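Below is one structure, written out as structure tokens, with a few remarks after it.
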Amino acid sequence: MVNHYIRRLQKNPHLHDKVEFEIVLTCYTPDIDKHCERLKEDNFSEQEISELKEKLESSYRDAITGKHLPIDEPY
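Using the working numbering, the first residue of the sequence shown is number 131, and each one after it goes up by one.
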């Protein structure tokens with residue numbers, strides 16, 4: 131993943147200030163399939179892409195349902 135992100139940034143240096151939105155998949159978004167298409171083009175397997183999408187969606191779901199505490203709250 132890191133190598134993929136580095137290559138994408140090298141090919142698109144104008145996105146240097148949009149890393150968290152256009153380079154790195156940091157969360158599940160409505161345009162996730164567009165981002166995953168780039169992974170396919172970089173030879174990620176369908177299984178790898180599916181697992182990534184599942185993990186991002188799970189993390190998103192947990193965040194909006196309050197399953198996990200916010201980072202700034204004490205334990």
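Just so it is clear, CB atoms sit at the ideal spot from N, CA and C, and this is done for glycine as well.
Everything numeric in this text was worked out from a predicted model, so none of it was measured.
In the DSSP annotation of this structure, residue 157 is not part of any alpha helix (DSSP H), being labelled neither H nor E. The closest CA to that of residue 158, considering only 134, 183, 195, is found on 183.
Listed in chain order, the non-local C-beta contacts of residue 190 below 7 Å within the same chain comprise 157, 158, local neighbours out to five positions each way being set aside. Residue 165 and residue 202 have their C-alpha atoms roughly 29 Å apart.
Inclusion of residue 170 and residue 179 in the CB contact set at 9 Å is warranted, their separation being smaller than that value.
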